[in-house]
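K.L.:
Mind having a look at this structure? Questions to follow.
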Amino acid sequence: MGKTSNISGFFKLTIDERLEAVRNFAGLSEADVAMLKNADALSLDTASRMVENVIGRIQIPMGVAANFLINGKEYFVPMAVEEPSVIAAASHAAKLTRTRGGIFTSNSGPVMIAQIQAVNVVDPYAARLRILERKDEILGLADTMDPILVKLGGGTRGLEVRVIDTRVGPMVITHLHVDTRDAMGANAVNTMAEALAPMIETITGGRVYLRILSNLADHRVVRARTVVAQEAFDAAEVVDGIVMASAFAEADPYRAATHNKGIMNGVSAVVLATGNDTRAVEAGAHSYAARNGVYTSLTRWEKTANGDLAGTLEMPMGVGLVGGATATHPIAKLAVKILGVKTAVELGEIIAAVGLAQNLAAVKVLATEGVQRGHMALHARNVAVNAGASGDLIDKVAEAMVRERKVRADRAVELLAEFRG
Ligand code: NAD
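By the count of this note's numbering, the sequence shown reaches residue 422 at its end, each step adding exactly one.
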């Protein structure tokens, strides 16, 4: 049997046993394991080279989601998140997807968009065509800005020009499409857009202000789909309940916001663990969800002809493996090593798979027992810790509060006093 991330009772292992399982799975070295356990993995010195005005670092737990089978390949997926139950839910849902072969993914290629804003153009529609006529020259100049990227098979892929109406008059917006390979690409495309500004001013006769990447990366989308066998659910109606939950989110922005937040629980946790830009991916996700003018859900859940549950997710995914914190944060580097990904698109597809699984877990719970029970059990542990519990007392106090249905700070303090005698 080949390696698998489907280890029964993985969550019951000790931290050392889990580390051992992941070490064997991903071929980590002893030094890697030591780094994962090192409280000072991100040194102050490295931190102060990453951002400005450093005074410390804040630690966030990192776990691995188990059971992910994506395109026939096994993955343990590192997730960095402060919210309880996210990693457990992803692992649970990933197991459900294995009933019909796991999750299958694809992508549109790693093409980012840079925007160049020209204003005060007297003939915006004619200017648009003048820009498009010089496409080869424009793309050629942009490519000279990043010979490394071009050598790696990336570089410019296309040019679009839009005339938009604004309250201060029409603007001519040039979109440069750039294949940024394994980079997230913000710096890469911004540099190109800046270099093109004088040429765009000459062609349009206007004035260029902004030259910057768009996070609505709709030429860099990733897709994930799965089917869950009807028998995987306790009752056949669960499939119908999930389809209803999906339809609700598709039709209602109030519901869609929370539905998508659930997807982003998984997405942002992997984005963060791999040192990528959570705000970039979040901006892309939500703007894509509203691309047709009304905010809607990023996933669709349908009932198949034979009563199984089919789910799909499509979203922009501006993540990279070079540049940014992915290249500087030692734990982010290990997260990438655990995933075993070699390209940015493979990373992006895995993130989509996690988003889909995370959503499945949420809609399943919502369509059945409701979130509160499971959430409360985990929340109770936090409340117990905040009240001063440690060691065995954390679970004792938490369990007592859940049993009494009184998960509150004042009750935690009382229980703690009782248990301590
Ligand atoms: P980067 O500039 O550090 O690296 C990209 C460059 O690395 C490429 O231009 C290329 O020359 C080189 N390279 C080497 N190997 C490569 C490979 N295999 N594939 C592709 N390029 C390779 O990084 P970046 O991705 O351009 O910028 C990412 C950073 O920009 C992130 O930290 C992000 O937070 C930040 N940022 C984001 C925004 C935004 O989202 N709106 C805006 C500005 C900056």
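Cβ atoms here follow ideal geometry from the backbone N, Cα and C, with glycine treated the same way. Quick caveat: nothing in here was measured; it's all calculated off a predicted structure.
Does residue 228 have its Cβ less than 9 angstroms from a Cβ in chain C?
P.N.:
Within the model displayed, chain C is absent; a lone protein chain is all it includes.
K.L.:
Measure from the alpha carbon of residue 34 to the alpha carbon of each residue in 368, 339 and 378, then state which is nearest.
P.N.:
Nearest C-alpha to residue 34 among 368, 339 and 378: 339.
K.L.:
Can you pull the DSSP bridge partners for residue 76?
P.N.:
69
K.L.:
Report back the beta-carbon spacing between residue 190 and residue 211 to the nearest angstrom; my notes put them in contact at under 8 angstroms.
P.N.:
In this structure residue 190 does not touch residue 211 by the C-beta definition: roughly 13 angstroms separates them, more than the 8 angstroms allowed.
K.L.:
Take the Cβ of residue 365 as the centre, count every other Cβ of all protein chains shown within 10 Å, and call the residue buried at 16 or more, exposed below.
P.N.:
buried
K.L.:
DSSP three-state label for residue 336, please.
P.N.:
Looking at residue 336 - three-state DSSP - the assignment turns out to be helix.
K.L.:
Beta carbon of residue 355, beta carbon of residue 119: below 9 angstroms?
P.N.:
no
K.L.:
Any idea which residues DSSP pairs residue 317 with across the strands?
P.N.:
222
K.L.:
Run through DSSP, which three-state label would residue 393 get?
P.N.:
In this structure, residue 393 counts as helix in the three-state DSSP scheme.
K.L.:
Output the distance between the C-alpha atoms of residue 21 and residue 37, rounded to the nearest integer angstrom.
P.N.:
12 angstroms
K.L.:
Taking the CB atoms as reference points, tell me whether residue 108 and residue 224 lie closer together than 9 angstroms.
P.N.:
yes
K.L.:
For residue 2 and residue 26, I'd like the C-alpha separation in whole angstroms.
P.N.:
At residue 2 the pLDDT is 46, less than 50, meaning the model places this residue with poor confidence; the figure from the coordinates comes in the next sentence. Using only the alpha carbons, I get a separation of about 13 angstroms.
K.L.:
Suppose contacts are defined by Cβ-Cβ distances below 9 angstroms. Is residue 251 in contact with residue 258 by that definition?
P.N.:
no
K.L.:
If I follow the unbroken alpha helix (DSSP H) through residue 210, where does it start and stop?
P.N.:
Residue range 208 to 215 is occupied by the beta strand (DSSP E) that includes residue 210, with no alpha helix (DSSP H) assigned at that position.
K.L.:
Which same chain residues end up closer than 7 angstroms to residue 353 when comparing Cβ atoms and leaving out the 5 residues on each side of it in sequence?
P.N.:
106, 223, 224, 225, 314, 316 and 318
K.L.:
Distance, Cα to Cα, residue 287 vs residue 198?
P.N.:
Taking the straight line from one Cα to the other gives about 29 angstroms.
K.L.:
Return the first residue and the last residue of the alpha helix (DSSP H) that residue 231 is part of.
P.N.:
Annotation: residue 231 is outside any alpha helix (DSSP H) and is labelled neither H nor E by DSSP.
K.L.:
Smallest Cα separation from residue 88: which of 418, 266, 293 and 395?
P.N.:
266
K.L.:
Check residue 62 in the structure and name its three-state DSSP category.
P.N.:
Coil at residue 62, not helix or strand.
K.L.:
Suppose you measure from the CA of residue 302 to the CA of residue 79; what does that come to, to the nearest Å?
P.N.:
26 angstroms
K.L.:
For residue 235, which residues from the same chain have a beta carbon less than 8 angstroms from its beta carbon, with the 5 sequence-adjacent residues on both sides left out?
P.N.:
369
K.L.:
May I have the straight-line CA-CA distance separating residue 419 from residue 64, to the nearest angstrom?
P.N.:
A straight-line Cα-Cα distance of about 33 angstroms links residue 419 and residue 64.
K.L.:
Which ranges would you report for the beta strand (DSSP E) in the segment 173 to 204 if only whole runs of at least 3 residues count?
P.N.:
At a cut-off of 3 residues, not a single continuous stretch assigned as beta strand (DSSP E) sits fully inside the segment 173 to 204.
K.L.:
CA-CA distance, residue 320 and residue 185?
P.N.:
5 angstroms
K.L.:
Using only the alpha-carbon positions, how far apart do residue 70 and residue 337 sit?
P.N.:
17 angstroms
K.L.:
For the beta strand (DSSP E) containing residue 304, list its first residue and its last residue.
P.N.:
300 to 304
K.L.:
To the nearest angstrom, how far is the alpha carbon of residue 76 from that of residue 283?
P.N.:
23 angstroms
K.L.:
Please name the residue in 280, 379 and 300 whose C-alpha comes closest to that of residue 247.
P.N.:
Nearest C-alpha to residue 247 among 280, 379 and 300: 300.
K.L.:
If you draw a straight line from the C-alpha of residue 290 to the C-alpha of residue 422, how long is it?
P.N.:
Spanning the two alpha carbons is a distance of roughly 54 angstroms.
K.L.:
Here's the rule I'm using: 16 or more other beta-carbon atoms within 10 Å means buried, otherwise exposed. How should residue 156 be labelled?
P.N.:
buried
K.L.:
Quick check on this structure: which residue in 392, 387 and 343 has the alpha carbon closest to the alpha carbon of residue 409?
P.N.:
Here the closest residue by C-alpha is 387.
K.L.:
Using only the heavy atoms of the ligand NAD, determine whether one of them is closer than 8 angstroms to the beta carbon of residue 73.
P.N.:
no
K.L.:
Where do the N-terminal and C-terminal ends of the alpha helix (DSSP H) with residue 420 fall, by residue?
P.N.:
Where residue 420 is concerned, the enclosing alpha helix (DSSP H) starts and stops at 410 to 420.
K.L.:
May I ask you to list the residues that DSSP assigns as paired with residue 160?
P.N.:
Paired residues: 177.
K.L.:
Can you give me the C-alpha to C-alpha distance between residue 295 and residue 228, rounded to a whole angstrom?
P.N.:
27 angstroms
K.L.:
In whole angstroms, what separates the C-alpha of residue 237 from that of residue 304?
P.N.:
11 angstroms
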